[in-house]
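This report refers to the structure that appears directly beneath it.
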Amino acid sequence: MVLPSVLAYSDLVAAGFFAASGALAAAEKRLDILGFVFFGTLTGIGGGTLRDLLLDLPVFWISDTRYLWVCMALSALTWYLAPMLSARRRLLLWVDAMGLSLFCVLGCAKALQNGAPEVVAVVMGVMSSSFGGLLRDTLLGRPSVMMGREIYVTAALVGAAVYTLLISLAPISASVAMVLAMLAAFTLRAGAIARHWCLPSYRRLGTDPLDE
Amino acid sequence: MVLPSVLAYSDLVAAGFFAASGALAAAEKRLDILGFVFFGTLTGIGGGTLRDLLLDLPVFWISDTRYLWVCMALSALTWYLAPMLSARRRLLLWVDAMGLSLFCVLGCAKALQNGAPEVVAVVMGVMSSSFGGLLRDTLLGRPSVMMGREIYVTAALVGAAVYTLLISLAPISASVAMVLAMLAAFTLRAGAIARHWCLPSYRRLGTDPLDE
Amino acid sequence: MVLPSVLAYSDLVAAGFFAASGALAAAEKRLDILGFVFFGTLTGIGGGTLRDLLLDLPVFWISDTRYLWVCMALSALTWYLAPMLSARRRLLLWVDAMGLSLFCVLGCAKALQNGAPEVVAVVMGVMSSSFGGLLRDTLLGRPSVMMGREIYVTAALVGAAVYTLLISLAPISASVAMVLAMLAAFTLRAGAIARHWCLPSYRRLGTDPLDE
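Which chain is which? The protein sequence lines are A, W and E, in order. Under numbering that gives the first Met the number 0, the final residue of the first sequence carries the number 211; numbering is consecutive throughout. Under numbering that gives the first Met the number 0, the final residue of the second sequence carries the number 211; numbering is consecutive throughout. Under numbering that gives the first Met the number 0, the final residue of the third sequence carries the number 211; numbering is consecutive throughout.
Okay, structure coming up:
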């Protein structure tokens with residue numbers, strides 16, 4: 000009984016994590032407080048907005064203004080707290096990881112609820128969870144977290160795929176499936192941040208005079 | 000009687016200003032005339048397109064082709080006129096400022112007309128007025144006007160907030176509220192361009208070995 | 000009889016070409032296999048997704064999952080084949096050119112079918128065919144194919160305009176018009192890649208102390 004009501008807030012929590020990551024990225028660029036709020040909010044609502052547009056649903060933060068307030072509050076809070084924090088770059092990676100783990104499952108679940116085929120739901124989970132961070136890094140002109148060697152897309156894919164599999168195959172409730180899938184995604188991404196877990200990256204074989 | 004009919008064209012005028020700013024940015028990259036028209040049109044219609052998609056309204060330039068013609072004509076005109084102008088960088092900032100001041104109020108007003116809550120309308124005004132410039136600078140790979148020290152988001156926020164406040168509190172017509180709000184936004188941004196008005200930017204306190 | 004059924008697959012083929020171009024761009028950044036699939040799929044479906052959102056149609060890859068499978072399969076295949084290929088940069092330009100030539104006509108045709116005015120349909124053809132490549136280059140932080148001196152937007156414009164003209168003026172079937180327009184676009188872009196065809200690029204006259 001407790002789990003579903005906790006999960007009802009997970010969307011809000013995920014938006015808040017991403018908003019904090021956007022505000023921390025704004026700190027790197029030495030923006031003013033409204034720059035923090037702008038990029039924090041954009042990062043917090045970006046992925047879910049894409050998801051809702053693609054699924055042709057009403058955009059979530061237009062009907063429910065709590066999302067905007069949470070994103071704006073957390074971005075402004077980051078403005079005040081950031082100077083007191085050390086290791087802001089690593090903190091950015093960790094809040095981004097938490098947002099990613101929640102959103103990849105939530106995006107996938109929302110797509111399934113609206114009748115999308117499994118493969119579409121998994122793609123929606125991956126895209127909606129990574130889009131906020133892509134926007135943040137691209138618009139702020141910083142190296143994207145997705146370009147690193149460490150696992151990123153894979154974690155989102157695993158979260159979405161685990162949820163889809165558990166829902167269709169296992170005799171467990173949606174809430175339990177959700178928590179397990181979020182944990183799977185977070186574990187992978189945490190290993191990537193803390194221990195540099197990665198998949199083999201592309202290497203070319205032989206010589207290629209026209210490449211580079 | 001005159002004011003409302005002038006304001007009926009303000010959307011078109013704002014799109015034209017942004018189109019000119021996009022074409023001036025294309026000039027920096029030495030594109031051909033169709034590059035001017037492409038990026039000019041994209042900048043001119045980008046913000047309003049985002050607004051309409053988010054509000055689930057028909058995209059404005061699909062039902063009313065005047066927007067495309069104005070954007071394409073002004074971009075092409077910029078191609079011919081730009082070599083005769085001096086100080087194109089500053090001109091870009093000024094036409095961008097005029098587009099910003101008009102669009103932040105118009106985006107906010109359109110959101111309010113469609114029943115959005117106040118906070119959503121203000122966010123919509125800020126996002127729709129800054130999105131065209133963000134697209135222009137990001138896609139052309141130039142330093143974003145939003146990354147400067149000077150006030151930018153703040154001006155859009157003030158324009159949208161002033162309009163929302165006047166509409167709900169003051170006993171004046173929507174047209175007068177619109178003009179006052181546009182002037183407020185423009186004054187702030189003009190001060191930012193001409194006199195480098197800015198808010199305090201983020202500075203870190205203490206040392207942070209993992210930052211940078 | 001044969002032509003329409005071949006053309007029924009052209010959308011799928013175009014998505015596949017763009018997916019391959021996205022995966023080849025991921026190779027430049029040495030991403031892992033899921034990075035290839037992510038950026039390949041994004042590039043493959045990006046332009047058509049924008050088109051469908053703007054026209055307020057259901058997003059094509061949500062109702063028909065073949066698009067996702069084709070994009071993911073071609074991206075994964077590129078991961079295995081790329082090390083064996085020479086001249087990957089040029090190959091990227093060629094598959095991008097094929098995607099562009101097909102999508103500029105298909106995007107324009109879909110807009111016309113849904114009742115858009117001619118000028119909107121042409122703009123839709125240009126935007127939907129170039130958006131995938133813009134996303135690919137912007138998100139991966141590589142120099143955009145649109146920033147080169149060679150003809151790019153022009154080829155898309157010619158493809159869309161030729162199709163629109165033939166459909167309204169010439170006594171030929173839509174399929175024949177489509178093939179002719181695709182050939183026109185491809186010929187122009189092929190000349191740009193192979194023989195550096197270009198329009199005059201912008202040059203400033205006189206001196207401009209505030210420029211640069």
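Virtual Cβ for every residue (Gly too), placed ideally from N, Cα, C.
Got a sec: is the Cβ-Cβ distance from residue i to anything in chain E below 8 Å?
{"i": "residue 242/A", "result": "Since the first and last residues shown for chain A are 0 and 211, residue 242/A lies out of range."}
{"i": "residue 146/A", "result": "yes"}
{"i": "residue 209/A", "result": "Bear in mind that a pLDDT of 43 at residue 209/A, under 50, signals an unreliable position, so the number given afterwards is only what the model happens to contain. With 8 Å as the cut-off, residue 209/A counts as an interface residue toward chain E."}
{"i": "residue 52/A", "result": "yes"}
{"i": "residue 171/W", "result": "no"}
{"i": "residue 196/A", "result": "no"}
{"i": "residue 175/A", "result": "no"}
{"i": "residue 153/A", "result": "yes"}
{"i": "residue 122/A", "result": "yes"}
{"i": "residue 193/W", "result": "no"}
Counting only beta-carbon atoms, is residue i nearer than 8 Å to chain A?
{"i": "residue 200/W", "result": "yes"}
{"i": "residue 82/W", "result": "no"}
{"i": "residue 37/E", "result": "yes"}
{"i": "residue 5/E", "result": "no"}
{"i": "residue 57/E", "result": "yes"}
{"i": "residue 29/E", "result": "yes"}
{"i": "residue 132/E", "result": "no"}
Since I believe residue j is in contact with residue i (beta carbons under 8 Å), could you give me their beta-carbon distance rounded to a whole number of angstroms?
{"i": "residue 71/E", "j": "residue 48/E", "result": "Actually they are not in contact, since the Cβ atoms of residue 71/E and residue 48/E sit about 15 Å apart, beyond 8 Å."}
{"i": "residue 130/E", "j": "residue 43/E", "result": "Residue 130/E to residue 43/E, Cβ: 12 Å. No contact."}
{"i": "residue 164/E", "j": "residue 171/E", "result": "With a Cβ gap of about 11 Å, residue 164/E and residue 171/E do not count as contacting."}
{"i": "residue 13/W", "j": "residue 105/W", "result": "6 Å"}
{"i": "residue 150/E", "j": "residue 93/E", "result": "Wrong, their Cβ atoms sit about 15 Å apart, outside the cutoff."}
{"i": "residue 61/E", "j": "residue 115/A", "result": "6 Å"}
{"i": "residue 15/E", "j": "residue 73/E", "result": "5 Å"}
{"i": "residue 101/E", "j": "residue 66/E", "result": "Not a contact, Cβ separation roughly 13 Å."}
{"i": "residue 139/A", "j": "residue 25/A", "result": "7 Å"}
{"i": "residue 89/A", "j": "residue 201/W", "result": "Not really, about 18 Å apart at Cβ, beyond 8 Å."}
{"i": "residue 31/W", "j": "residue 199/E", "result": "6 Å"}
{"i": "residue 128/W", "j": "residue 103/W", "result": "4 Å"}
{"i": "residue 167/W", "j": "residue 3/W", "result": "Actually they are not in contact, since the Cβ atoms of residue 167/W and residue 3/W sit about 19 Å apart, beyond 8 Å."}
{"i": "residue 64/W", "j": "residue 118/E", "result": "5 Å"}
Using a beta-carbon distance below 8 Å, is residue i in contact with chain W?
{"i": "residue 48/E", "result": "no"}
{"i": "residue 95/E", "result": "no"}
{"i": "residue 125/E", "result": "yes"}
Quick one: does the C-beta of residue i sit closer than 7 Å to a heavy atom of the ligand NAP?
{"i": "residue 113/W", "result": "Among the ligands in the structure shown, none appear at all, so the ligand NAP cannot be discussed."}
How would you list, in chain order, the residues of chain A whose beta-carbon sits under 7 Å from the beta-carbon of residue i?
{"i": "residue 115/W", "result": "61"}
Quick one: give me the first and last residue of the alpha helix (DSSP H) that residue i is part of.
{"i": "residue 162/E", "result": "152-168"}
{"i": "residue 171/W", "result": "It is not in any alpha helix (DSSP H) - residue 171/W carries neither H nor E in the DSSP assignment."}
{"i": "residue 123/E", "result": "117-138"}
{"i": "residue 28/E", "result": "Premise fails: residue 28/E is in no alpha helix (DSSP H) and is neither H nor E."}
{"i": "residue 3/A", "result": "1-6"}
{"i": "residue 63/W", "result": "Counting along the chain, residue 63/W falls outside any alpha helix (DSSP H), and DSSP gives it neither H nor E."}
{"i": "residue 88/W", "result": "87-112"}
In chain W, which residues lie with their C-beta within 9 Å of the C-beta of residue i?
{"i": "residue 111/E", "result": "Within 9 Å Cβ-Cβ: nothing; residue 111/E doesn't reach chain W, min ~12 Å."}
{"i": "residue 139/E", "result": "Neighbours of residue 139/E on chain W: none; closest Cβ ~12 Å, over 9 Å."}
{"i": "residue 156/E", "result": "33, 36, 37"}
Check the Cβ of residue i against every Cβ in chain C and list those closer than 8 Å, keeping chain order.
{"i": "residue 119/W", "result": "Of the protein chains in the structure, A, W and E, none is chain C."}
So with CB distances below 8 Å, who are the chain E contacts of residue i?
{"i": "residue 104/A", "result": "Going along chain E, no residue has its Cβ under 8 Å from residue 104/A, so there is no contact; the nearest lies around 17 Å."}
Taking C-beta pairs closer than 7 Å, name the residues in chain E that residue i reaches, listed in chain order.
{"i": "residue 26/W", "result": "201"}
Taking contact to mean 3 or more Cβ pairs, one atom from each stretch, closer than 8 Å, check whether the stretch 149-158 of chain A and the stretch 187-203 of chain A are in contact. Counting Cβ pairs under 8 Å, three or more are found: they touch.
Could you tell me whether the stretch 42-60 of chain W touches the stretch 76-89 of chain W, where touching means 3 or more Cβ pairs closer than 8 Å? Touching, no, given that fewer than three Cβ pairs across the two stretches are closer than 8 Å.
Is there contact between the stretch 32-40 of chain A and the stretch 104-113 of chain A, where contact requires at least three CB pairs shorter than 8 Å? With a cut-off of 8 Å, the stretch 104-113 of chain A and the stretch 32-40 of chain A do not count as touching, because too few Cβ pairs lie within range.
Does the stretch 130-142 of chain A come close enough to the stretch 6-22 of chain A to have 3 or more Cβ pairs within less than 8 Å? The answer is yes - the stretch 6-22 of chain A touches the stretch 130-142 of chain A, with three or more Cβ pairs under 8 Å.
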